[in-house]
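Engineer:
Number of protein chains: 6
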Amino acid sequence: MFYHVKELQYDAKPSQPDPVYAKKLQEILGGQYGEMSVMMQYLFQGWNCRAEGKYRDMILDIATEEIAHVEMIATMIAQLLDGAPVHDQEQGAKDPAVEAVLGGMNPQHAIVNGLGAQPNDSVGYPWTARYTIASGNLLADFRANLNAESQGRLQVCRLYEMTTDPGVRDMLSFLIARDTMHQNQWMAAIEELEQTQGAIVPSTFNQEFEKQEVSYSFMNFSEGEESKTGRWANGPTLDGQANFEYIQNPKAMGQKPQLQPGPKFIHGTPP
Amino acid sequence: MFYHVKELQYDAKPSQPDPVYAKKLQEILGGQYGEMSVMMQYLFQGWNCRAEGKYRDMILDIATEEIAHVEMIATMIAQLLDGAPVHDQEQGAKDPAVEAVLGGMNPQHAIVNGLGAQPNDSVGYPWTARYTIASGNLLADFRANLNAESQGRLQVCRLYEMTTDPGVRDMLSFLIARDTMHQNQWMAAIEELEQTQGAIVPSTFNQEFEKQEVSYSFMNFSEGEESKTGRWANGPTLDGQANFEYIQNPKAMGQKPQLQPGPKFIHGTPP
Amino acid sequence: MFYHVKELQYDAKPSQPDPVYAKKLQEILGGQYGEMSVMMQYLFQGWNCRAEGKYRDMILDIATEEIAHVEMIATMIAQLLDGAPVHDQEQGAKDPAVEAVLGGMNPQHAIVNGLGAQPNDSVGYPWTARYTIASGNLLADFRANLNAESQGRLQVCRLYEMTTDPGVRDMLSFLIARDTMHQNQWMAAIEELEQTQGAIVPSTFNQEFEKQEVSYSFMNFSEGEESKTGRWANGPTLDGQANFEYIQNPKAMGQKPQLQPGPKFIHGTPP
Amino acid sequence: MFYHVKELQYDAKPSQPDPVYAKKLQEILGGQYGEMSVMMQYLFQGWNCRAEGKYRDMILDIATEEIAHVEMIATMIAQLLDGAPVHDQEQGAKDPAVEAVLGGMNPQHAIVNGLGAQPNDSVGYPWTARYTIASGNLLADFRANLNAESQGRLQVCRLYEMTTDPGVRDMLSFLIARDTMHQNQWMAAIEELEQTQGAIVPSTFNQEFEKQEVSYSFMNFSEGEESKTGRWANGPTLDGQANFEYIQNPKAMGQKPQLQPGPKFIHGTPP
Amino acid sequence: MFYHVKELQYDAKPSQPDPVYAKKLQEILGGQYGEMSVMMQYLFQGWNCRAEGKYRDMILDIATEEIAHVEMIATMIAQLLDGAPVHDQEQGAKDPAVEAVLGGMNPQHAIVNGLGAQPNDSVGYPWTARYTIASGNLLADFRANLNAESQGRLQVCRLYEMTTDPGVRDMLSFLIARDTMHQNQWMAAIEELEQTQGAIVPSTFNQEFEKQEVSYSFMNFSEGEESKTGRWANGPTLDGQANFEYIQNPKAMGQKPQLQPGPKFIHGTPP
Amino acid sequence: MFYHVKELQYDAKPSQPDPVYAKKLQEILGGQYGEMSVMMQYLFQGWNCRAEGKYRDMILDIATEEIAHVEMIATMIAQLLDGAPVHDQEQGAKDPAVEAVLGGMNPQHAIVNGLGAQPNDSVGYPWTARYTIASGNLLADFRANLNAESQGRLQVCRLYEMTTDPGVRDMLSFLIARDTMHQNQWMAAIEELEQTQGAIVPSTFNQEFEKQEVSYSFMNFSEGEESKTGRWANGPTLDGQANFEYIQNPKAMGQKPQLQPGPKFIHGTPP
Ligand SMILES: [Ca+2]
Ligand SMILES: [Ca+2]
Ligand SMILES: [Ca+2]
Ligand SMILES: [Ca+2]
Ligand SMILES: [Ca+2]
Ligand SMILES: [Ca+2]
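Protein chains in written order, with this note's numbering: chain A, 59 to 329; chain B, 59 to 329; chain C, 59 to 329; chain D, 59 to 329; chain E, 59 to 329; chain F, 59 to 329.
Written as structure tokens, this is what we have:
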């Protein structure tokens, strides 16, 4: 169960309206790697958690914080939309600068949301649950989380570069710092799990049942062998089980497929 | 540019038809973490790659292999659908066993695809490009790739447990082995990049501009302190810059939001 | 079965082309609360109607009118797109005013639709059937309809404010008037149903089977008690069964969840 | 900002596993009118709220409660999935009863989520933000909310009829009761707003600018006149401004559309 | 503008309920090539039509018929759902035959639609406007229409084979006949346009501006030359301008791509 | 299985950056009729092919070429994005020309993709597998393919008109030429199949089972009879079986639908 307090986790106070920037900021609210994604991903990982208690508690701690991040950005967007020039004064004499703002705005911010934030990304695409994963395997999921915090911090940093508004930058500097923490946090949790389980997900699958002759081979399927010089083609594998092998000319090992004709009632192409 | 050879990378020969399993197998073909996702993700990462040549070559090597994985699974599904009991012989006397098969099949396998594979997941949801990321930052993207190979191998292992068909298991054992390699590969590439760039994405953002007092704090937003005992709350942070700090009662640091009334032409709720 | 007449229900004649406005107008054609939504929602409610005949007839009357509204707006958009400056005359000397128009247009209006309307909203997101509901319970559905006509009229009014073209405003004034009628219509139908069925949907569920001690309690889950002063926390409930009660400090009434470890073949995190 | 407590708002304890029912229960978790929809709809309405303080507080009170409802149902689903028969013991001798369970389950519950809940509906379609609205006009939005609580209670009642498990029914009886309250709550809030603003959304649009001769006419666009006998065609309109009028044979009032040929560079059909 | 008559275009009377078949039948109602697709595709093509009047009239004739087809199938589905066994009588003694029906049904037919049709396909995926095209070039669009009627008739024939209910088959026999006509109709319209415009869409693009040396070459990008024996590699091209040429070993004609490093503020991988 | 070579199939070298055009060019990369659609459509048609070998080989030849087309356009887009003005130098003095570029760009090109291509269309909508079809009936599918190449060439021609950059036009002239070939190719394959199978898909359905009295009738469902003068209403039908008939006043042939009341446990509107 949850409780709400009225104060934001950190200030969300723009120095001035900027409806074009409001459109861009939607990316980290409702985009693929926005705050709604981590919020919902962590909530479901926590609620589904079947592992020991410290994991569930930790995941729900951060999940609960992420709701507050969505709240901050939504609040910021609503204020950036104040004064958007969406009311047409008169036909004719149009100011190119105003027209450029109108062209750069998300029209739904005015028409649909009445100058409020929306749960969508920077091109207006709605947030979808397919952005998230809760697999029941924490090592897999913590890698998803580390990726999400990496893509997320990258996007916030790019947005930081795209404005000079000190109020917006102040809020972003907070989000960037929290993403620094959250990358550290998931790396720490991953390290802990890898030490007990091993590095390959899932660690519980009996490796005798995999086709082990191709478990450590880098296959060069494209012309040119620059790929031979990377860490992934040399030295011990990261799971500590073998050494990387470089296959210069990988060969097909399977059959030439030949499908049977379909039955008559399927009305495929007749033989 | 690409060339195709007719043989599959590895055998895809079921021992007998199984249209219900064909539906399940769609998950690793066209699902969120299926082969189509890694194929398209790696292709776009390779084509967009602005880093040194060995990365582009390596990414396109694996991308090209993934197209062959999609091909193998599609071929397997088409054969598993042979003999699906979709032709209604007569109204009335229905065999519960046959009805259970019909209930467990994807009806589109017959109606839409004429007993062929489809680019969808195990509930028939179509593959979407929002499953993929190519951010221009390789460390971020390699974490996405490591996650994809972790979720992917987990799903293939689960599917391995859900059948006893030796032909299907043979193909899955190959895919599981390649996922072992690919997890190792991305871990190796990540290690290489972290050593030169540092562990926090993006490494090029000036850390002075982030709100550093919250960069290393674990915040306990949920009741109970089990989360205090994890690696994420104790010892040096993984980026080597500080020590984790545990905040027992995190406090709001921001304003109580109060939005201005909207302008008249927006026709929001009147004040 | 349906018949078509060539004349529009009302004039759709813009005074001059305006391709940027054409993009915005798509919202009320193919948006969440656009005319396609009410058209399809009412058609399915009518076709599925199991209640007495006057409801089916009424619903199909308005459904049929809505097809004509889609037609009017599509016709308007095609004309607003006449003369869109999408042909690049020469590299170099670009007019900022023209560029602003190009930036503000939907590029698909030219590339995909050849200066025609599309069944999408103002950010180009395609109309989807998940915008609609036909539940088989008319009181529930008429509330959906009243909401749709309320959101719809709000959006048309906002679009009215965003243009000064007298031809466009003339058509919008017709749509606004019809939405006035349709809000009245659904309120009237709701009033009729509530009088015979009661106000709570579904009225046929035996209220003894609901946890009645929380059926009339407003729970204050957020800090601060401004919410105490509203009608929803004072006086008789709207279904006439009780009085509103205000719970200042709502408490958890449920268990602390503890999930069992998953079975081995699921390959979740090992205990 | 938010805080989490570990106890659920109400018990979520099934009497026994039922993976087929788990699939169905997803509808009220991640469906069009599930708890995720009201949770996100109310959160955004609260964050965007520009009206007086009691509304914002009230909306966030209920939004915060809804997060707890999502939590309860997710917890219930995870438990219903315990013991799902997804591990294939041996090829051949299949039990029709077990096969029927497998056919009726959502395969992703095992393959993707490892026996956990997912943020999707009962056919596996992912939750999308287009299910929600926050328009900036509270009367419009409260009608959306009343509709959501009506559709939602209807669906929970139907799910109540589809099980006899006393633990599941106990939880549903709580949710049904809260939906009774929430329907009452939104009706109360609507009543309050209608009394000050009038019944037509938006109330601030100058009615002189709408085409008033069609503002109160019911138009009979389908054969047969059963629709004449409803409240929507007789007596005073619900906004108190006029009387309903019934138009037996509505006529087209607009032009016969004739579009100009497209410009040459569009490569439409040549004239 | 449109009018509705109450009689269906053709009888839709099942001989008995069949909720599993109702799920399958959704494919031709709300699927990619279902009746909603042709209805909306033809309506938009008609409304956007800038060509001579006989085309617009013809397109709207068939569009209007398609609304009636949607109506017939929706009516059929609602009747097939009568008597669906969705009410759980008692826990425990489950009949495998009934369970198979429940497993094969779409759960939303009961939970969401109250035993009515829904605007979705046979796996419950909602109809989306991206299924349709109205390009402004009639030859292109008539090819889309011919494809839609071909895929559509194929699916209806498959559904015909999947039932033995004489009432359902009677309705399908009508739809199959209309699809015969509609394939003929679009072929006739295509023939007419090809005779005046030529066969390549768009016919108005100056062929001097295309890279003509590759305009008639079949390129053998896959191992093996079975493809050499088809009509597409031999004889005159269908546009009558040249002869097909078979390129046994197509060579890359382009550059080896090398992208510039990104600017610093993009925070891509550092060089 | 596939191999990659580093050279592009044809040059993709813009003369100068143009981030606004990059957004538009996305349409033919990840749009409904972009290169990703034909690539995936042909791959699945080839993999699922149950017909004689020359078809499978031919389909996979062209499928493999299409991957190279996606590669060329992705490479072009990445270069067009070089130098995009997304870094905000200072608040205040904004250049309208630069602002127009920013308004016309896709913000995700910078925020999400770091100046790289994305698998989306020109409004940022992600590519989805529902754009493709592989039905198992080659005549049906080749009509889908002819349509795709027709819509595709039309869109490329429109994009050709929207730029004057000689490098971009050079690449487009290659794609236009290949689409000329591919339209010819599918027309040739269709001609071959129609000669052996007949023109109506599927040709294997016994025509006695269709309602033959409406198999060749054009029905005039809209007012006005301009549609009478087309080829579709006069002369022999294209399948050579009959003559077209024109029905001036098509009549309803079906029942007036009357649905039974729903069962009590569905909680629909009470009778
Ligand atoms: Ca290579
Ligand atoms: Ca805690
Ligand atoms: Ca409160
Ligand atoms: Ca009527
Ligand atoms: Ca070949
Ligand atoms: Ca006509």
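Cβ coordinates follow ideal geometry from the N, Cα and C atoms, glycine included.
Does Leu160 (chain F) come within less than 8 angstroms of chain E when only Cβ atoms are used?
Structural biologist: Against the sixth sequence, residue 160 (chain F) aligns to sequence position 102. False, the Cβ-Cβ gap to chain E never drops below 8 angstroms.
Engineer: Can you list the residues of chain F that Phe323 (chain E) reaches, using a CB-CB cut of under 8 angstroms?
Structural biologist: The residue given as residue 323 (chain E) occupies position 265 in the fifth sequence. Ordered by position in chain F, the residues that pass the 8 angstroms Cβ test against Phe323 (chain E) are Val144 and His145.
Engineer: Could you give the first and the last residue of the continuous beta strand (DSSP E) run that contains Ser275 (chain C)?
Structural biologist: The residue labelled residue 275 (chain C) in the question sits at position 217 within the third sequence. From DSSP, the beta strand (DSSP E) with Ser275 (chain C) extends over Ser275 to Met277.
Engineer: Spell out whether any CB of chain E is found under 8 angstroms from the CB atom of Glu284 (chain A).
Structural biologist: Locating residue 284 (chain A) in the first sequence gives position 226, counting from the first residue. No, because no Cβ of chain E sits closer than 8 angstroms to the Cβ of Glu284 (chain A).
Engineer: Give the single residue among E:Tyr274, E:Gln306 and E:Ala132 whose Cα lies nearest to the Cα of Glu281 (chain E).
Structural biologist: As a position in the fifth sequence, residue 281 (chain E) is number 223, starting the count at 1. The shortest C-alpha separation from Glu281 (chain E) is found at E:Gln306.
Engineer: Could you check where the alpha helix (DSSP H) with Ile131 (chain B) kicks off and where it finishes?
Structural biologist: In the second sequence, counting from the first residue as 1, residue 131 (chain B) sits at position 73. Residues Gly111 to Leu138.
Engineer: Does Phe302 (chain A) come out as helix, strand or coil in the three-state DSSP assignment?
Structural biologist: Position 244 of the first sequence holds residue 302 (chain A). DSSP places Phe302 (chain A) in coil when its eight states are reduced to three.
Engineer: Say the cut is 7 angstroms; is the CB of Glu129 (chain C) nearer than that to a heavy atom of ligand 6?
Structural biologist: As a first step, residue 129 (chain C) must be located in the third sequence, where it is residue number 71. Incorrect: Glu129 (chain C) has no Cβ contact closer than 7 angstroms to ligand 6.
Engineer: Hey, is Ser280 (chain B) close to ligand 2, as in C-beta under 7 angstroms from one of its heavy atoms?
Structural biologist: Counting from 1 along the second sequence, the entry for residue 280 (chain B) is found at position 222. Indeed, a heavy atom of ligand 2 lies less than 7 angstroms from the Cβ.
Engineer: What does DSSP give as the partner residues of Leu189 (chain B) in its beta bridges?
Structural biologist: To locate residue 189 (chain B), count along the second sequence from 1; it is residue 131. Going by the sequence as given, residue 189 (chain B) is Tyr instead of Leu. BP columns for Tyr189 (chain B) are empty, so no partner.
Engineer: Hey, Pro154 (chain D) and Lys82 (chain B): beta-carbon distance below 8 angstroms or not?
Structural biologist: Here residue 154 (chain D) refers to the residue found at position 96 when the fourth sequence is read from its first residue. Here residue 82 (chain B) refers to the residue found at position 24 when the second sequence is read from its first residue. For Pro154 (chain D) and Lys82 (chain B), no; Cβs fall outside 8 angstroms.
Engineer: When the Cα atoms are used, what is the spatial distance from Gly312 (chain F) to Leu66 (chain E)?
Structural biologist: Counted from its first residue, the sixth sequence places residue 312 (chain F) at position 254. Counted from its first residue, the fifth sequence places residue 66 (chain E) at position 8. Answer to the nearest angstrom: the Cα atoms are 5 angstroms apart.
Engineer: Run through chain E and tell me which residues come within less than 7 angstroms of Gln306 (chain F), C-beta to C-beta.
Structural biologist: What you label residue 306 (chain F) is simply residue 248 of the sixth sequence in a count that begins at 1. Chain E residues near Gln306 (chain F): none, gap ~11 angstroms exceeds 7 angstroms.
Engineer: Per DSSP, what kind of secondary structure is Leu180 (chain B) in: helix, strand or coil?
Structural biologist: The residue you call residue 180 (chain B) lines up with position 122 of the second sequence. In the sequence on display, residue 180 (chain B) carries Ser and not Leu. Here Ser180 (chain B) sits in coil by DSSP.
Engineer: Counting C-beta neighbours from all protein chains within 10 Å, is the total for Gln209 (chain A) 16 or more, i.e. buried, or is it exposed?
Structural biologist: For the purposes of this step, residue 209 (chain A) is taken as the residue at position 151 of the first sequence. Buried, since its Cβ has 16 or more Cβ neighbours within 10 Å.
Engineer: So which residues of chain F does Arg216 (chain D) contact, with C-beta pairs closer than 7 angstroms?
Structural biologist: Along the fourth sequence, one-based indexing puts residue 216 (chain D) at 158. Correct list: Ile324 and His325.
Engineer: Whole beta strand (DSSP E) runs in the segment 217-280 of chain D with 3 or more residues, listed along the chain?
Structural biologist: Qualifying beta strand (DSSP E) stretches, in chain order: 275-277.
Engineer: Quick one, which of C:Thr133, C:Tyr304 and C:Glu284 has its alpha-carbon nearest Gly293 (chain C)'s?
Structural biologist: The count along the third sequence starts at 1 and reaches residue 293 (chain C) at position 235. The option with the nearest alpha carbon to Gly293 (chain C) is C:Tyr304.
Engineer: Hey, would you say the C-beta of Val283 (chain F) is under 7 angstroms away from at least one heavy atom of ligand 6?
Structural biologist: Here residue 283 (chain F) refers to the residue found at position 225 of the sixth sequence. The residue asked about is misnamed: residue 283 (chain F) is Glu in this sequence, not Val. Checking every heavy atom of ligand 6 against the Cβ of Glu283 (chain F), one is found closer than 7 angstroms.
Engineer: Would you mind working out which of C:Ala257, C:Ala142 and C:Gly104 sits nearest Trp244 (chain D), comparing C-alpha positions?
Structural biologist: Mapped onto the fourth sequence, residue 244 (chain D) falls at position 186. When only C-alpha atoms are compared, the closest one is C:Ala257.
Engineer: Val272 (chain E) and Arg227 (chain F) - do their beta-carbons sit closer together than 8 angstroms?
Structural biologist: Position 169 of the sixth sequence, counted from the first residue, corresponds to residue 227 (chain F). Position 214 of the fifth sequence, counted from the first residue, corresponds to residue 272 (chain E). Result no, Cβ atoms of Arg227 (chain F) and Val272 (chain E) do not sit closer than 8 angstroms.
Engineer: Counting contacts by CB-CB distance shorter than 8 angstroms, is Leu101 (chain B) in contact with chain C?
Structural biologist: By 1-based counting over the second sequence, the position of residue 101 (chain B) is 43. Leu101 (chain B) does not count as touching chain C.
Engineer: Taking only the alpha-carbon atoms, compute the straight-line gap between Ala247 (chain B) and Gln265 (chain B) and give it to the nearest angstrom.
Structural biologist: Taking the second sequence and counting its residues from 1, one reaches residue 247 (chain B) at position 189. Taking the second sequence and counting its residues from 1, one reaches residue 265 (chain B) at position 207. Computed Cα separation, rounded: 24 angstroms.
Engineer: What is the C-beta distance between Thr327 (chain A) and Asn195 (chain F), in whole angstroms, given that I count them as a contact (C-beta under 8 angstroms)?
Structural biologist: As a working mapping, residue 327 (chain A) is identified with position 269 in the first sequence. As a working mapping, residue 195 (chain F) is identified with position 137 in the sixth sequence. Confirmed, Cβ separation roughly 6 angstroms.
Engineer: For the segment 181-197 of chain B and the segment 179-188 of chain F, state whether three or more C-beta atom pairs, one from each stretch, are separated by less than 8 angstroms.
Structural biologist: In short, these stretches touch, since the Cβ pair count reaches three.
Engineer: Going along chain F, which residues have a C-beta under 8 angstroms from Leu212 (chain D)?
Structural biologist: Position 154 of the fourth sequence, counting from 1, holds the residue named residue 212 (chain D). Within chain F, the residues near Leu212 (chain D) are His325.
Engineer: From the DSSP output, in three-state form, read off Tyr91 (chain C) for me.
Structural biologist: Position 33 of the third sequence, counted from the first residue, corresponds to residue 91 (chain C). Coil, per DSSP.
Engineer: Less than 8 angstroms between CB atoms is the rule here; does Glu219 (chain F) satisfy it with respect to chain D?
Structural biologist: Here residue 219 (chain F) refers to the residue found at position 161 of the sixth sequence. Judged by the 8 angstroms Cβ criterion, Glu219 (chain F) is in contact with chain D.
Engineer: How long is the line joining the alpha carbons of Glu157 (chain A) and Gln90 (chain A), rounded to whole angstroms?
Structural biologist: Here residue 157 (chain A) is taken as the residue at index 99 of the first sequence, counted from 1. Here residue 90 (chain A) is taken as the residue at index 32 of the first sequence, counted from 1. If you take the alpha carbons of Glu157 (chain A) and Gln90 (chain A), they lie about 29 angstroms apart.
Engineer: Quick one, which of F:Met163, F:Met229, F:Ser261 and F:Ala206 has its alpha-carbon nearest Glu238 (chain E)'s?
Structural biologist: Looking up residue 238 (chain E) in the fifth sequence gives position 180. The amino acid occupying residue 238 (chain E) in the given sequence is Thr; Glu does not appear at that position. Nearest option by C-alpha distance: F:Ser261.
Engineer: Could you name the residues that DSSP lists as bridge partners for Tyr61 (chain C)?
Structural biologist: The count along the third sequence starts at 1 and reaches residue 61 (chain C) at position 3. In the DSSP output, where bridge partners are listed per residue, Tyr61 (chain C) has E:Tyr61.
Engineer: Since Pro294 (chain F) sits in a beta bridge, which residues does DSSP pair it with?
Structural biologist: Reading the sixth sequence from its first residue, position 236 is the one you call residue 294 (chain F). Pro294 (chain F) is bridged to F:Asn301.
Engineer: Taking Cβ positions, are Ala192 (chain C) and Gln255 (chain C) nearer each other than 8 angstroms?
Structural biologist: Taking the third sequence and counting its residues from 1, one reaches residue 192 (chain C) at position 134. Taking the third sequence and counting its residues from 1, one reaches residue 255 (chain C) at position 197. No. Outside cutoff.
Engineer: For the alpha helix (DSSP H) that Ala168 (chain F) lies in, which residues bound it at each end?
Structural biologist: In the sixth sequence, counting from the first residue as 1, residue 168 (chain F) sits at position 110. Pro165 to Ile169 is the extent of the alpha helix (DSSP H) around Ala168 (chain F).
Engineer: Evaluate Lys112 (chain E) with the Cβ neighbour count: other Cβ atoms within 10 Å of its Cβ, from every protein chain shown; 16 or more gives buried, anything less gives exposed.
Structural biologist: Working through the fifth sequence from its first residue, we reach residue 112 (chain E) at position 54. Result: buried.
Engineer: So is Asn301 (chain D) buried or exposed if we call it buried at 16+ other beta carbons inside 10 Å?
Structural biologist: Translated into positions along the fourth sequence, residue 301 (chain D) becomes position 243. With fewer than 16 other Cβ atoms within 10 Å, it is exposed.
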